[in-house]
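Scroll down for the structure; my scribbles are underneath it.
Numbering (the numbering used here), first residue to last: 302 to 692.
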């Protein structure tokens, strides 16, 4: 904030504002300082400048005189912000870029193995890099970052997808990995990241297991620390991004920032047909703010909003019409999600199934264990929106 205070004092000198109006700053002076950036800076820049001056007043034990007039001026500055002051949305990481990282790394090097594990965890776990990687290797930076002791594994014997494809009951041992983050951006008490298997070679569970095996270190060691001839080194956020950007630039991709992993993982799950409520829960989004980070709307819209009502002639009165993408299931009609707070989400689809000679009314019950037709003789194609593994 010191730089902003210096600029404000220089502004007062240039405008010949008397000292008695500088501290505490009269609201008229605050408005004039904020308006000096109209047409030049973004609205967020103007608000940050005013926030710096407010902090300055608190530090000097002076009353703050900003009021509704200042609020209106800040709104005007935001409306007059030029396009050049607005930063373009950060592009998300996608699976092609993640595969480029895999192809560009040397897996005989423990550091590169750690980089790939961190990339897979950040992407599929929808993590902020600052939550899993420290900015530096100092003790204060490592205090709230996960260690190897924060990893746990879960095994459950639940129905597999085989029953969705064949119609027969089939059980398979399902497993997931839980990473406990001691502190997140929004939760000081921490939160859990759930990792499930994905198609090789981008499977986060395999990548993490490979890293922990190659760099076999004590449980108190930072999660993404790696072995060196002189001991172990902590993988920091700058080192991680530097290595990834080296590979992406060589492959023709633009340089990216750490937050691109979180929004990339979110976009990938949505594009794969995972229900937004499930994506929201897995990404630990506390509100619908994650909608702002949808960077692939042109791809998402056809999946969820095309051919609405096609193939469905009878509906419950007053219900909301929804479409069903042909790659997701053979049924169309109304979809309602019923949350079960213990293990998984059940989805009930009321609709129709079109056979070669007639249209059959039916109801499908879907869960993590598969689908069941209540008035049909054939199984339904699995709906990808229910599953988050092996996308």
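Ideal placement from N, C-alpha and C gives every residue a C-beta, glycine not left out.
Taking all protein chains shown into account, decide if residue 570 is buried (16 or more other Cβ within 10 angstroms of its Cβ) or exposed.
-> buried
Mind checking which residues open and close the beta strand (DSSP E) that includes residue 562?
-> From DSSP, residue 562 is part of no beta strand (DSSP E) but of the alpha helix (DSSP H) over 560-572.
Any idea if residue 363 is buried or exposed, counting beta-carbon neighbours within 10 angstroms, 16 or more meaning buried?
-> exposed
Per the contact definition of three or more C-beta pairs closer than 8 Å, is the stretch 399-411 in contact with the stretch 535-543?
-> No contact exists between the stretch 535-543 and the stretch 399-411.
Would you grab the beta carbon distance between residue 377 and residue 339 for me? Rounded to a whole angstrom, and I think it's under 8 Å.
-> 7 Å
Evaluate residue 574 with the Cβ neighbour count: other Cβ atoms within 10 Å of its Cβ, from every protein chain shown; 16 or more gives buried, anything less gives exposed.
-> Looking at its Cβ environment, which holds 16 or more other Cβ atoms inside 10 Å, residue 574 is buried.
Using DSSP with H/G/I as helix, E/B as strand and the rest coil, what is residue 653?
-> A caution first: residue 653 carries a pLDDT of 40, below 50, which makes its placement in the model unreliable, though a value can still be read off. It is a strand residue.
Taking the alpha carbon of residue 330 as the point to measure from, which residue in 379, 500, 315, 524 has its own alpha carbon closest?
-> When only C-alpha atoms are compared, the closest one is 315.
Anyone know if the C-beta pair for residue 447 and residue 524 falls short of 8 Å?
-> yes
State the start and end residues of the unbroken beta strand (DSSP E) segment that holds residue 533.
-> 532-534
Residues near residue 556 by beta carbon distance below 8 Å, same chain, minus five either side = 546, 549, 550, listed in sequence order.
Run the CB neighbour count on residue 382, radius 10 Å, all protein chains shown included, and call it buried at 16 or more, exposed below.
-> buried
Using 10 angstroms around the beta-carbon of residue 416, count the other beta-carbons present and answer buried if the total reaches 16, otherwise exposed.
-> When all chains shown are included, residue 416 counts as buried.
6 Å CB neighbourhood of residue 393 in its chain, flanking five on each side removed | 561, 564, 565, 568, 596
In this structure, does DSSP put residue 404 in helix, strand or coil?
-> helix
Check each candidate in 455, 491, 425 and name the one with the smallest Cα separation from residue 444.
-> Looking at the Cα atoms, 491 is the closest of the given residues.
Which stretch, first to last residue, makes up the alpha helix (DSSP H) that contains residue 515?
-> 505-515
Given a cut-off of 8 Å, decide if residue 371 and residue 344 are closer than it, judged by their beta-carbon atoms.
-> no
Quick one: is residue 384 buried, meaning 16 or more other Cβ sit within 10 Å of its Cβ, or exposed?
-> Sixteen is the threshold: since fewer than 16 other Cβ atoms of the shown chains lie within 10 Å of the Cβ of residue 384, the residue is exposed.
Would you check whether the ligand MN has a heavy atom nearer than 7 Å to the C-beta of residue 396?
-> With respect to the ligand MN, the structure shown offers nothing to examine, as it has no ligands at all.
Express the C-alpha separation of residue 357 and residue 303 in angstroms, rounding to a whole number.
-> Taking the straight line joining both Cα atoms gives about 8 Å.
Smallest Cα separation from residue 361: which of 323, 350, 515?
-> 323
Start-end ranges of the beta strand (DSSP E) lying completely within the stretch 334-399, minimum 3 residues | The stretch 334-399 contains no complete beta strand (DSSP E) run of 3 or more residues.
Taking just the CA atoms, how far does residue 414 sit from residue 511?
-> 7 Å
Whose CA, out of 426, 395, 577, 307, lies closest to the CA of residue 509?
-> 426
Counting only the same chain and skipping the five closest in sequence on each side, list residues whose C-beta sits under 7 Å from that of residue 526.
-> 516, 518, 533, 534, 535, 536
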